[in-house]
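In the UniProt record's numbering, the protein residues as written are 1 to 83. We put the beta carbon where it would ideally sit given N, CA and C, even for glycine. Written out below as structure tokens is the structure these notes cover.
Here it is in structure tokens:
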């Protein structure tokens with residue numbers, strides 16, 4: 001995985017981590033459940049996208065031939081874990 005891609009994924013996960021901390025604070029403050037659910041959906045989507053970016057970079061590596069240890073079957077299994 002290229003350093004730029006890795007940095008983008010890490011940044012996305014750090015934002016999700018911040019959002020999750022915000023959700024915890026919302027629950028502790030007894031905020032409206034609709035607001036909490038909206039934020040939970042946003043965190044879930046951010047984490048899913050990070051996972052998809054990891055898989056897509058692995059797929060690019062396989063296509064480029066730079067990773068012989070990952071098969072198409074392995075990538076499919078990883079992808080299905082996120083769905």
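Within its chain, find whatever has a CB closer than 7 Å to the CB of residue i; leave out the 5 residues flanking it on each side and keep chain order.
i	result
residue 48	82
residue 27	36
residue 15	46
Sorted by chain position, which residues of the same chain lie with C-beta nearer than 8 Å to residue i's C-beta, five sequence neighbours on each side aside?
i	result
residue 55	75, 78, 79, 82
residue 5	53, 57
So, with DSSP's three-state summary, where would you put residue i?
i	result
residue 70	coil
residue 6	helix
residue 31	coil
residue 26	helix
Could you tell me which of the options sits nearest to residue i, measuring between CA atoms?
i	options	result
residue 12	25, 1, 44, 33	44
(message) When you compare the segment 32 to 47 with the segment 12 to 24, are there three or more beta-carbon pairs, one atom per stretch, that lie closer than 8 Å?
(response) yes
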